[in-house]
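Using the UniProt record's numbering, the letters of the sequence shown map in sequence onto residues 1 to 273. Glycine included, C-beta positions come from ideal geometry on N, C-alpha and C. In what follows, a single structure is set out as structure tokens and then discussed.
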Amino acid sequence: MASMGDHHTLAVVFGILGNIISVLVFMAPVPTFYRIFKKKSTESFQSLPYQVALFSCMLWLCYALIKKGAFLLITINSFGCVVETIYISMYIAYASKDSRRSAMKLFVAMNVVLFSFVLIVTHFMLKSSIRVPVLGWICVAISVSVFAAPLNIMARVVRTKSVDFMPFTLSFFLTLSAVMWFAYGLFIKDLCVALPNVLGFILGMLQMILYAIYRHSEKAIMEEKKPPVPEQMKSVIVLGALNASEVHPVANAAAEEEADGNKAEPDSDECPV
Numbered sequence: 001m002a003s004m005g006d007h008h009t010l011a012v013v014f015g016i017l018g019n020i021i022s023v024l025v026f027m028a029p030v031p032t033f034y035r036i037f038k039k040k041s042t043e044s045f046q047s048l049p050y051q052v053a054l055f056s057c058m059l060w061l062c063y064a065l066i067k068k069g070a071f072l073l074i075t076i077n078s079f080g081c082v083v084e085t086i087y088i089s090m091y092i093a094y095a096s097k098d099s100r101r102s103a104m105k106l107f108v109a110m111n112v113v114l115f116s117f118v119l120i121v122t123h124f125m126l127k128s129s130i131r132v133p134v135l136g137w138i139c140v141a142i143s144v145s146v147f148a149a150p151l152n153i154m155a156r157v158v159r160t161k162s163v164d165f166m167p168f169t170l171s172f173f174l175t176l177s178a179v180m181w182f183a184y185g186l187f188i189k190d191l192c193v194a195l196p197n198v199l200g201f202i203l204g205m206l207q208m209i210l211y212a213i214y215r216h217s218e219k220a221i222m223e224e225k226k227p228p229v230p231e232q233m234k235s236v237i238v239l240g241a242l243n244a245s246e247v248h249p250v251a252n253a254a255a256e257e258e259a260d261g262n263k264a265e266p267d268s269d270e271c272p273v
């Protein structure tokens with residue numbers, strides 16, 4: 001009984017720490033949307049990372065609601081749903097006509113139709129005994145699939161010899177988040193929570209190693225320099241989305257625009273988590 005109590009205490013500790021760090025990751029795109037708000041334009045940014053993050057959060061929230069003892073998953077994914085909905089709403093409000101139409105179509109297709117389909121299948125077409133594991137592995141599949149974003153970023157860093165696309169602070173917190181949620185998954189004995197964060201930890205460590213290798217490099221290919229991906233690897237449990245953000249470089253991009261007389265526009269920052 002003491003061992004079980006210790007495990008429960010550790011699960012709560014790691015779950016709370018995971019919540020705190022994941023909140024910071026969710027807030028990473030705030031500079032991007034502050035820039036969008038000020039300019040009243042989404043420029044060349046895309047809504048896909050935020051749409052995927054919302055889809056992931058909703059699936060994890062459903063999983064947590066039907067699984068016993070997953071309150072800390074409910075809290076962080078509820079927060080994620082609210083934040084991502086705000087991001088998407090702001091994007092739609094300030095996007096061009098074509099971008100707005102595309103974003104709304106994607107929202108309906110992914111976060112209404114596909115989500116409803118998953119919900120109907122898991123809740124009404126599956127036996128209650130297998131409902132939780134099936135939904136859990138669907139969440140794992142979504143979380144793993146969005147790890148294409150950090151792989152793309154890492155390849156770009158190697159190609160350009162530049163870490164401008166990969167802020168160290170974000171990589172560090174994403175790696176730390178993966179550790180917390182992996183430990184939480186182990187202590188509550190839930191492979192669906194622990195498994196995707198193994199990959200998240202490995203990719204996070206590789207990102208920091210690449211940062212250490214290329215941070216002083218002066219051989220960056222200038223034409224390849226673009227704002228970093230907003231949802232860099234946000235799929236750590238929500239990042240898992242992906243939770244995958246231009247935390248520091250937004251200010252740099254703005255400064256460059258002012259230096260150029262506000263004539264230059266950034267390239268697309270998307271490569272989605």
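CB contact flag (N19, I86, <7 Å): no
So for S171, helix, strand or coil by DSSP? helix
Pairs of beta-carbons, one from the stretch 176–183 and one from the stretch 16–31, closer than 8 Å: are there three or more? yes
Below 8 Å on the Cβ atoms is my guess for V163 versus R215; work out the distance and round it to an integer in Å. 5 Å
Closest to I142 by CA distance: which of C192, V121 and F26 is it? C192
7 Å CB neighbourhood of C139 in its chain, flanking five on each side removed: L59, W60, Y63 and C192
Other residues of its chain near F187: CB distance less than 7 Å, five sequence neighbours each side excluded: H7, L10, A11 and F14
Could you spell out the range, first to last residue, of the alpha helix (DSSP H) harbouring M205? L191 to Y214
Please return the same chain residues whose Cβ sits closer than 7 Å to the Cβ of F172, not counting the five positions on each side in sequence. M208
Rounded distance between the beta-carbons of F165 and R156, thought under 8 Å: 6 Å
How many Å lie between F71 and N111 at the Cα? 23 Å
Take the Cβ of K67 as the centre, count every other Cβ of all protein chains shown within 10 Å, and call the residue buried at 16 or more, exposed below. buried
Quick one: measure Cβ to Cβ for Y94 and T42, integer angstroms, because I've assumed they're closer than 8 Å. 5 Å
To test your reading of the DSSP string, which unbroken alpha helix (DSSP H) runs of 4 or more residues are found completely within the stretch 27–105? 30–39, 48–66 and 71–94
Which residue from L203, F182, G204 and L199 puts its Cα closest to that of L73? F182
Judging by CA-CA distance, which residue of L126, T122 and F45 is the nearest neighbour of Y91? F45
Looking at S217 and K161, is the spacing between their C-beta atoms short of 7 Å? yes
Should M180 go down as buried or exposed, given a rule of 16 or more other Cβ atoms within 10 Å for buried? buried
For the ligand MN, any of its heavy atoms closer than 6 Å to the Cβ of L176? With respect to small molecules bound, the structure shown includes none, and the ligand MN cannot be examined in it.
Nearest-angstrom Cα distance between P167 and A212? 11 Å
Starting from the C-beta of V144, find all residues in its chain whose C-beta is less than 6 Å away, skip the five residues before and the five after it, and write them out in chain order. P196
For residue 278, which three-state DSSP category applies? Nothing about residue 278 can be reported from this structure: the residues present for the chain run from 1 to 273 only.
What did DSSP end up calling F14 once you bin it into helix, strand or coil? helix
Over the uninterrupted alpha helix (DSSP H) stretch that includes L135, give me the two end residues. S128 to S145
Assign I202 to one of two classes, buried (16 or more other C-beta atoms within 10 Å of its C-beta) or exposed (fewer than that). exposed
Residue from S96, K189, V121 and M125 whose Cα sits closest to the Cα of K40: S96
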